[in-house]
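In terms of the numbering used here, the sequence shown is residues 61 to 218.
Just so you know, even glycine gets a beta-carbon here, dropped at the ideal spot from N, CA and C.
Note that the coordinates shown come from a computational prediction; the quantities given were computed from them, not determined experimentally.
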Amino acid sequence: AALLRATPSVGGTRQVPEVVTLDGARTVRPGMTMTEVERRLAVRLRPERFGRCTMAFFGSGIPPRYAIFWRGRLGSLWFEGRVRTDRGIRVGSTFADLRRAYPRATVRRDHYVRAARNVFVRRAQAPHWRLRLDVSPQGRVTRIAHGNWTVFLVEGCA
Numbered sequence: 061a062a063l064l065r066a067t068p069s070v071g072g073t074r075q076v077p078e079v080v081t082l083d084g085a086r087t088v089r090p091g092m093t094m095t096e097v098e099r100r101l102a103v104r105l106r107p108e109r110f111g112r113c114t115m116a117f118f119g120s121g122i123p124p125r126y127a128i129f130w131r132g133r134l135g136s137l138w139f140e141g142r143v144r145t146d147r148g149i150r151v152g153s154t155f156a157d158l159r160r161a162y163p164r165a166t167v168r169r170d171h172y173v174r175a176a177r178n179v180f181v182r183r184a185q186a187p188h189w190r191l192r193l194d195v196s197p198q199g200r201v202t203r204i205a206h207g208n209w210t211v212f213l214v215e216g217c218a
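In structure tokens:
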């Protein structure tokens, strides 16, 4: 079964993920190379290297979408819009909706924004990938990520 259906992005020529699950985004999984991710997402990545870590933006315009690569391998994909989880949580969903959809999720306070939260959902089977859903002080989901340990990074490659 397809993990992610694609819809046209701004400009109508590129494909972007619509549904992200604990198993990945489309057929993209942590550990893939930049070339593999570009091919499977049908996007051109724009990398910015920070030592062993690389942030690679893709798509055009707002909202931003990016991937984090560690030592040349995909760690995580990050979306700030136009994506939803297989349980219906999307950017703009409420914290209450998120807790109903993922009652066993782990919640931590955001490192930078007072009253904001980072919510983590762990895949039960190995490999133990995670979803990260960031929630604003107003109680709305602002960003959704999927990946390995890199979803715990505080800001970009840091």
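Extent of the continuous alpha helix (DSSP H) run through residue i
{"i": "Arg160", "result": "Phe155 to Ala161"}
{"i": "Met94", "result": "Met94 to Leu101"}
Residues bridged to residue i [DSSP beta-bridge criterion]
{"i": "Thr166", "result": "Phe180"}
{"i": "Phe139", "result": "Arg125 and Ile204"}
{"i": "Arg133", "result": "Trp130"}
{"i": "Arg89", "result": "Looking at the DSSP assignment, Arg89 forms no beta bridge with any residue, so it has no partner."}
{"i": "Arg150", "result": "Arg144"}
{"i": "Gly234", "result": "The first residue shown for the chain is 61 and the last is 218, placing residue 234 beyond what the model contains."}
{"i": "Gly84", "result": "Thr81"}
Bounding residues of the beta strand (DSSP E) (the contiguous stretch that carries residue i)
{"i": "Val195", "result": "Arg190 to Val195"}
{"i": "Glu108", "result": "Arg106 to Phe110"}
{"i": "Cys113", "result": "Cys113 to Phe118"}
{"i": "Thr81", "result": "Val79 to Thr81"}
Among the options, the one whose alpha carbon lies nearest that of residue i
{"i": "Val181", "options": "Arg190, Arg174 and Thr93", "result": "Arg190"}
{"i": "Thr93", "options": "Leu105, Leu82 and Asp83", "result": "Leu105"}
{"i": "Ser153", "options": "Val201, Leu134 and Arg109", "result": "Val201"}
{"i": "Pro124", "options": "Arg112, Val151, Glu96 and Val88", "result": "Val151"}
{"i": "Gly132", "options": "Cys113, Pro187, Trp209 and Cys217", "result": "Cys113"}
{"i": "Arg183", "options": "Glu78, Asp83 and Val79", "result": "Asp83"}
{"i": "Thr145", "options": "Thr210, Ile204 and Trp209", "result": "Ile204"}
{"i": "Ala79", "options": "Phe139, Arg159, Val103 and Ala218", "result": "Correcting the residue type first, residue 79 is Val in the shown sequence and not Ala. If we check each option's Cα against that of Val79, Phe139 comes out closest."}
{"i": "Gly119", "options": "Leu101, Phe129, Gly111 and Leu134", "result": "Leu101"}
{"i": "Phe212", "options": "Gly135, Arg160 and Phe110", "result": "Gly135"}
{"i": "Gly199", "options": "Val173, Gln185 and Thr87", "result": "Val173"}
{"i": "Gly216", "options": "Val103, Thr95, Arg99 and Gly111", "result": "Gly111"}
Own chain residues within Cβ distance below 6 Å of residue i, not counting five before or after
{"i": "Tyr162", "result": "Val181"}
{"i": "Leu137", "result": "Ala85, Ala127 and His206"}
{"i": "Glu108", "result": "Met115"}
{"i": "Thr166", "result": "Phe180"}
{"i": "Phe117", "result": "Arg106 and Tyr126"}
{"i": "Pro197", "result": "Ala175 and Ala176"}
{"i": "Val214", "result": "His171"}
Sequence-distant residues of its chain with Cβ nearer than 7 Å to residue i (five each side left out)
{"i": "Asn178", "result": "Arg168, Asp170, Arg192 and Asp194"}
{"i": "Asp157", "result": "Ile149"}
{"i": "Val97", "result": "Val88, Leu105, Ala127 and Leu134"}
{"i": "Thr210", "result": "Ile128, Trp130, Gly135 and Ser136"}
{"i": "Gly91", "result": "Arg133 and Leu134"}
{"i": "Asn208", "result": "Pro90, Gly135, Ser136 and Trp189"}
{"i": "Ala218", "result": "none"}
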